[in-house]
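Asks: Before I ask anything, let me first share the structure, which is written out below as structure tokens.
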Amino acid sequence: MRQLSAQRIIEPRAAYIMNTILRDVVQRGTARRAKALGRSDLAGKTGTTNDQKDAWFSGFQRHVVATAWVGFDQPRTMGRREVGGFAAMPIWIDFMRDALKGIPESPLEQPPGLVTVRIDPATGLRAGPGSSDAIFEIFRTENTPKEAVNHNNLPPVFGESEETLPEQLF
Numbered sequence: 035m036r037q038l039s040a041q042r043i044i045e046p047r048a049a050y051i052m053n054t055i056l057r058d059v060v061q062r063g064t065a066r067r068a069k070a071l072g073r074s075d076l077a078g079k080t081g082t083t084n085d086q087k088d089a090w091f092s093g094f095q096r097h098v099v100a101t102a103w104v105g106f107d108q109p110r111t112m113g114r115r116e117v118g119g120f121a122a123m124p125i126w127i128d129f130m131r132d133a134l135k136g137i138p139e140s141p142l143e144q145p146p147g148l149v150t151v152r153i154d155p156a157t158g159l160r161a162g163p164g165s166s167d168a169i170f171e172i173f174r175t176e177n178t179p180k181e182a183v184n185h186n187n188l189p190p191v192f193g194e195s196e197e198t199l200p201e202q203l204f
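Going by this note's numbering, the sequence shown opens with residue 35, and the numbers climb by one from there.
So, in structure tokens, the structure goes:
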């Protein structure tokens, strides 16, 4: 396989954050089927056009990039379940299984200037002690949320008001 190189134009922290977002597509999103390859260094994005006329998956590992596309030469609907994660994913997996033979896993190194912060998903603020459903997100050091969520001051959830909230029993 011939190796190509090009000038880096994306700031390393931005590239790392984008890479983690696209890895999440494989780890927890619409491309979970790629986990069948048993690698932690895969990332990508599924795609489907309106009316399921085209389906694709563009995915990568540090050294190999590939896109699988499924559709007709003359666009027409392929069917209800013919989306990127179902129609194109198996093709990509079969290709990458062979393409990655002998290539060791090579996770991207986190560059300096990034931090992982526990975030409240409902507000985007730093998670407080009462944030049981908090998630971890990566931020540039200078963009880290400073304010922590205060669950006592949150507005009511849609459909709830003080009149409809149950009485506290204990």
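Glycine included, every Cβ here is placed at the ideal spot set by N, Cα and C.
Measure from the alpha carbon of residue 35 to the alpha carbon of each residue in 51, 136, 152, 110, then state which is nearest.
Replies: 136
Asks: Cα separation between residue 57 and residue 110?
Replies: Those two C-alpha atoms are separated by around 31 Å.
Asks: Which of the three DSSP states is assigned to residue 93 in this structure?
Replies: strand
Asks: Considering only DSSP beta bridges, list what residue 78 is partnered with.
Replies: Under DSSP, the beta-bridge partners assigned to residue 78 are 93.
Asks: On the DSSP bridge list, what partners appear for residue 85?
Replies: Beta bridge pairing from DSSP links residue 85 with no other residue.
Asks: Please confirm whether residue 34 and residue 174 have their CB atoms less than 7 Å apart.
Replies: Coverage of the chain is limited to positions 35 through 204, which leaves residue 34 absent and any answer about it impossible.
Asks: Measuring alpha carbon to alpha carbon, tell me which residue in 182, 51, 91 is nearest residue 172.
Replies: 51
Asks: Is it buried or exposed, residue 93, if we count other Cβ atoms within 10 angstroms and call 16 or more buried?
Replies: Buried, since its Cβ has 16 or more Cβ neighbours within 10 Å.
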